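Numbering (numbering that gives the first Met the number 0), first residue to last: 0 to 201.
Heads up, the beta-carbon is just placed ideally off N, CA and C, and yes, glycines get one too.
It should be emphasised that the depicted structure is a prediction, and the values quoted were computed from it without experimental measurement.
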Amino acid sequence: MKWGVMILAAGEATRMGKAKMLLPFKNTTILAHLIEEITLVEPNIIQLVTGYYHDLIQAQISTNKVAIIQNPDYSLGMSSSIQVGLTAMLKVCPDLDFLVIVVSDQPYLNQSILLRLLTKHQQTAKGIIASSYNGIKGTPVLLSSTYFTHLYNLTGDKGARVILQQFPEDIETIEFENGALDIDTPEDYELLCKKINEEDVD
Numbered sequence: 000m001k002w003g004v005m006i007l008a009a010g011e012a013t014r015m016g017k018a019k020m021l022l023p024f025k026n027t028t029i030l031a032h033l034i035e036e037i038t039l040v041e042p043n044i045i046q047l048v049t050g051y052y053h054d055l056i057q058a059q060i061s062t063n064k065v066a067i068i069q070n071p072d073y074s075l076g077m078s079s080s081i082q083v084g085l086t087a088m089l090k091v092c093p094d095l096d097f098l099v100i101v102v103s104d105q106p107y108l109n110q111s112i113l114l115r116l117l118t119k120h121q122q123t124a125k126g127i128i129a130s131s132y133n134g135i136k137g138t139p140v141l142l143s144s145t146y147f148t149h150l151y152n153l154t155g156d157k158g159a160r161v162i163l164q165q166f167p168e169d170i171e172t173i174e175f176e177n178g179a180l181d182i183d184t185p186e187d188y189e190l191l192c193k194k195i196n197e198e199d200v201d
């Protein structure tokens, strides 16, 4: 069984005004911490898709752990980044059985969440395992190779959620309580820092 993780980090982060995935988090950065957690579950390949902040990210992230590819058409939206990432992954590992798509601004995504995705996939044999939070299904999401063609059919700023809507009967979910906590604005980051400080006190 071969599988990989695709990290989407191509956006301009206009509401944040800076590279949000490189903000400090737990003695490192949000992105570096995410990569460390992904490495612990030992996928066959970790593919990082960059865009607007490619040079900054490449300067800070070790390529010993991840393969980095720049999406020159990142402005076309998330769909183009998914397609660039998937093409790169299949060149390295053409017999990929499934992949997990993650975004780079969910700071509480960790080894435990990823292991639960993998376990649910093994237990149910469902082709799609999504994370559930605040009543929605989203990332991280596991997709079997059956759905790779559908990823290539995505357009604009549409991610895997379109596929979740197309194939509801193929989905199982795991709970990811902090999945809704993403970092889009300076205020979001302030709340994250406050939450971390409170956790440290506890």
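- Counting C-beta atoms within 10 angstroms of its own C-beta, M20 has 16 or more neighbours from the protein chains shown and is therefore classed as buried.
- Secondary structure of Y132 (DSSP, three-state): strand.
- Put simply, of I170, L75 and D72 the residue whose alpha carbon is nearest the alpha carbon of Q122 is I170.
- Measuring C-alpha to C-alpha distances from P71 to each of E189, K64 and I81 identifies I81 as the nearest.
- A straight-line Cα-Cα distance of about 21 Å links L113 and P167.
- In the pairwise beta carbon analysis, the segment 46–60 is classified as not touching the segment 129–139: fewer than three pairs are separated by under 8 Å.
- Here the alpha carbons of R115 and D94 stand approximately 23 Å from one another.
- Taking the CA atoms as reference points, Q69 sits about 10 Å from A87.
- Distances from the alpha-carbon of V83 to those of Q105, L47 and I56 put L47 closest.
- C-alpha of A179 to C-alpha of V140: approximately 14 Å in a straight line.
- Residue nearest to N152 within the set S78, E186 and Y107 is S78 (criterion: CA-CA distance).
- CA-CA distance, P185 to Y51, rounds to 19 Å.
- The beta carbons of V4 and P42 sit closer together than 9 Å.
- Rounded to whole angstroms, the separation of the alpha carbons of A124 and I29 is 32 Å.
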